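Residue numbering for the sequence shown follows this note's numbering, starting at -8 and increasing by one per position.
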Amino acid sequence: MTRVASRFCVTALAALALALPASGGGEARYGLSGSQADATLSQVDPATLRPVGRPLRVGVFNADRAFSPDRSTLALVSQERPVLRFVDLGGMRTTGQVTLADEGEVQWLRWTPSGLVALVDLARGSKLVWLDPSTRKVTRTLRYRGELVDPRLASGRIVAVEWPSGRVGPVRLNVIDADGQARSTRVDRIAGGWQRRGKEVVRMAEPGLAVASDGERAWLADRDGEICAVELDSLAVHCNAVRTLAKNGSPWSRRQLKVVAPGTLALSGWEKLTAGPRAARPIGLWLVDTSTWERRLLDREIDSFRAAAGVVVGVRRNGVTAYGSDGARRYGLEEPLQLGVLTTTGPYLYVPRTDGRTVVADLASGRVLRRVAARVQPFQDVDTW
């Protein structure tokens, strides 16, 4: 199992992006239907999940995607190669494609004011690639010996964790400033990586990363409850032990960390002792005060969450529970047929079911609007993870 294969089961259903039509009005969104091998791009009514208007067959160009700042153009990533295809959304037509690299798979794509930036995962290591969308030419490439994961973009800065290739070890935090300067620092007290024996993954440690919206500070959380704050101007590191769980040495773990209010982090994740389909143990959903490092447990059963519009929606077995950024409980939805991956788009929350239907609910209140047989999966609002 590769890192790409593991991540796709989450991103294929939920890592998508909001888009208004070129006119700027209405409730139209975009989404995909079909399969990984043959997908179709459509506008979608977010309340009914029905396709609207003329669809466009995009085939394997259904991995990550990014909208231009004016929402008129969509860049789609191929499942098979590091290639982008451009779509004119006004005419719903393809306008060309470009190759980002000779090999690898694109794991992350953002359309910034200065152009497109992509993270390309290689057989060994990673690279960041900058593309000028007007000329369709690669303008810059940064190569990394380790594996870059889950970059964040804040106030023009790109921040990404880098862990060692093929093993678990101390991570580096990489910062690429708005002027293009690339800097990094090693964070010894945060471990990350996928340890491999041949082609088999035998150990996994994925730390959480959160970045302040002003791009001034980042936080890293590892499996032992350690949280390290990094000042992104100076790269000074300050670590604190936030004992949200006991040190048990679980060889498989993932942590999720996000700023949900000024001075407040949401922390969640899971861990397990063995590989394979055996159920993982959630560490719960916690709020952490970054000034005092005090923490508060909100729900022991949550193992991941989405944070959007001031609501933190935690995923648990057979349903979801939502909280305000202050930790006040908003609502709970019981859904025994829940597939496990939820999506938020604008004011809507979508919970997919194993029977192919999707629960459409109001994100703010949790009121269930309908359960529909979804033909199109709506694009997920960016940066809610």
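Don't be surprised by glycine CBs; every beta carbon is placed ideally from N, CA and C. What you are looking at is a predicted structure, and each value in this text was computed from that prediction instead of being measured.
Return helix, strand or coil for residue i, following the three-state DSSP convention.
| i | result |
| --- | --- |
| T130 | strand |
| Q368 | strand |
| M195 | strand |
| V(-5) | The pLDDT assigned to V(-5) is 41, lower than 50, so where the model puts this residue is not dependable, and the model offers no usable value. |
| P327 | coil |
| F77 | strand |
| R148 | strand |
| N231 | strand |
| V373 | coil |
| A5 | Caution applies to A5, whose pLDDT of 33 falls short of 50 and renders its modelled position unreliable; the model cannot decide the point. |
| D205 | coil |
| D141 | strand |
| R308 | coil |
| K190 | coil |
| Q172 | coil |
| D93 | coil |
| P60 | coil |
| T283 | coil |
| F52 | coil |
| R361 | strand |
Where residue i and residue j are concerned, what is the direct C-alpha to C-alpha distance, given to the nearest angstrom?
| i | j | result |
| --- | --- | --- |
| V233 | R272 | 19 Å |
| Q34 | N53 | 15 Å |
| R194 | P46 | 42 Å |
| L113 | L139 | 10 Å |
| Q186 | A196 | 9 Å |
| A28 | A355 | 35 Å |
| G310 | I293 | 10 Å |
| A227 | R177 | 10 Å |
| R115 | G137 | 7 Å |
| R361 | D353 | 10 Å |
| P12 | L40 | Low per-residue confidence applies at P12: pLDDT is 30, beneath 50, and the placement is therefore not dependable enough to give any value. |
| G337 | V373 | 11 Å |
| L32 | R127 | 22 Å |
| A66 | G206 | 25 Å |
| Q368 | G22 | 5 Å |
| G216 | W243 | 15 Å |
| V89 | V43 | 28 Å |
| G184 | G160 | 6 Å |
| S225 | R208 | 10 Å |
| Y135 | A266 | 28 Å |
| T349 | H229 | 43 Å |
| A270 | Q371 | 26 Å |
Quick one: what's got a C-beta closer than 6 Å to residue i's C-beta in the same chain, skipping five residues either side?
| i | result |
| --- | --- |
| T345 | L328 and L330 |
| I181 | V162, P198, L211, D213 and C219 |
| S69 | V51 and F52 |
| G16 | Any answer about G16 is weak, because its pLDDT of 36 lies below 50 and its placement is not dependable; what the coordinates show is given next. For G16, where only same-chain residues beyond five positions count, there are no Cβ hits under 6 Å. |
| S117 | Y135, E138 and L139 |
By the 10 Å Cβ neighbour count, where 16 or more other Cβ atoms means buried, how is residue i classified, buried or exposed?
| i | result |
| --- | --- |
| P60 | exposed |
| P37 | buried |
| G87 | exposed |
| Q172 | exposed |
| E262 | buried |
| G189 | exposed |
| P142 | buried |
| R246 | buried |
Can you tell me the Cβ-Cβ gap for residue i and residue j, rounded? I've got them flagged as a contact below 8 Å.
| i | j | result |
| --- | --- | --- |
| R287 | V302 | About 17 Å; that fails the 8 Å criterion. |
| L289 | L276 | 5 Å |
| T312 | G305 | 5 Å |
| L133 | T103 | Going by Cβ atoms, the distance from L133 to T103 rounds to 15 Å, so no, they are not a contact pair. |
| V166 | L200 | With a Cβ gap of about 12 Å, V166 and L200 do not count as contacting. |
Within its chain, find whatever has a CB closer than 8 Å to the CB of residue i; leave out the 5 residues flanking it on each side and keep chain order.
| i | result |
| --- | --- |
| D168 | G147, R148 and R174 |
| G347 | A364 and A365 |
| A57 | A8, L65, A66, L100, R101, W102 and L107 |
Apart from the five residues on each side of it in sequence, which residues of its chain come closer than 7 Å, Cβ to Cβ, to residue i?
| i | result |
| --- | --- |
| T375 | R297, A298, A299 and T335 |
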